[in-house]
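Written out below as structure tokens is the structure these notes cover.
Numbering (our numbering), first residue to last: 50 to 241.
Structure follows, in structure tokens:
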């Protein structure tokens with residue numbers, strides 16, 4: 050194997066989910082976030098639709114306050130959970146940036162929506178791998194209102210567009226070890 054493979058393998062193998070409460074509150078330079086978005090832009094794309102879009106909040110508490118209130122306004126009173134509200138309101142307290150990842154449906158109907166979502170997920174993975182290479186902690190979440198119609202309305206998305214998740218970026222003092230619970234051999238079928 051060559052040095053390029055070894056380097057990228059190390060980055061991929063060391064990428065970990067680090068929840069926002071584990072972050073330490075230090076700010077990421079905006080230039081680093083911009084560089085991560087440039088990496089995201091190199092995801093695979095069928096028909097050059099480039100369906101990924103990102104909304105970046107430099108002040109995570111602004112987004113988290115909005116997110117919590119969106120939850121409060123759109124959940125039936127009987128289902129409202131004060132703990133969930135408080136968690137959403139404070140989730141980004143130690144994060145540096147919040148990035149909302151969006152799949153913007155392209156104008157080529159022959160390309161299935163699934164491919165557009167997969168392409169956007171690849172863009173997110175590029176961003177996460179770049180973050181790992183810069184020692185930036187990341188969390189990709191779909192909880193709260195992320196996948197609810199109210200979030201789409203807030204973001205001005207079309208019917209076929211989709212929020213792919215909320216990314217919390219920051220720095221962390223500890224990075225967990227990785228593990229896999231299913232042996233690779235059980236996930237592969239070599240056909241000769």
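Idealized CB from N, CA, C, for every residue including glycine.
Cβ neighbours of residue i in the same chain (closer than 7 Å, five flanking residues each side left out)
{"i": "residue 195", "result": "212, 214, 215"}
{"i": "residue 162", "result": "154, 209"}
{"i": "residue 178", "result": "60, 61, 64"}
Residue i and residue j closer than 8 Å at C-beta
{"i": "residue 124", "j": "residue 204", "result": "no"}
{"i": "residue 92", "j": "residue 175", "result": "yes"}
{"i": "residue 147", "j": "residue 112", "result": "yes"}
{"i": "residue 180", "j": "residue 85", "result": "yes"}
{"i": "residue 89", "j": "residue 101", "result": "yes"}
{"i": "residue 78", "j": "residue 219", "result": "no"}
{"i": "residue 67", "j": "residue 172", "result": "no"}
Any non-hydrogen atom of the ligand FMN within 7 Å of residue i CB
{"i": "residue 89", "result": "In the structure shown, the ligand FMN is absent, as is every other ligand, since no ligand is present at all."}
With 16 other Cβ atoms within 10 Å as the buried cut-off, status of residue i
{"i": "residue 165", "result": "buried"}
{"i": "residue 140", "result": "buried"}
{"i": "residue 239", "result": "exposed"}
{"i": "residue 132", "result": "exposed"}
{"i": "residue 109", "result": "buried"}
{"i": "residue 94", "result": "buried"}
{"i": "residue 217", "result": "buried"}
{"i": "residue 56", "result": "exposed"}
{"i": "residue 169", "result": "buried"}
{"i": "residue 97", "result": "exposed"}
{"i": "residue 119", "result": "buried"}
{"i": "residue 202", "result": "exposed"}
6 Å CB neighbourhood of residue i in its chain, flanking five on each side removed
{"i": "residue 74", "result": "143"}
{"i": "residue 182", "result": "60"}
Residues that DSSP places opposite residue i in a beta bridge
{"i": "residue 102", "result": "151"}
{"i": "residue 187", "result": "66, 218"}
{"i": "residue 241", "result": "DSSP lists no partner for residue 241."}
Residue i, DSSP secondary structure in three states
{"i": "residue 224", "result": "coil"}
{"i": "residue 82", "result": "helix"}
{"i": "residue 211", "result": "strand"}
{"i": "residue 75", "result": "coil"}
Residues of its chain near residue i, where Cβ-Cβ distance is below 8 Å and the 5 sequence neighbours each way are ignored
{"i": "residue 199", "result": "119, 122, 123"}
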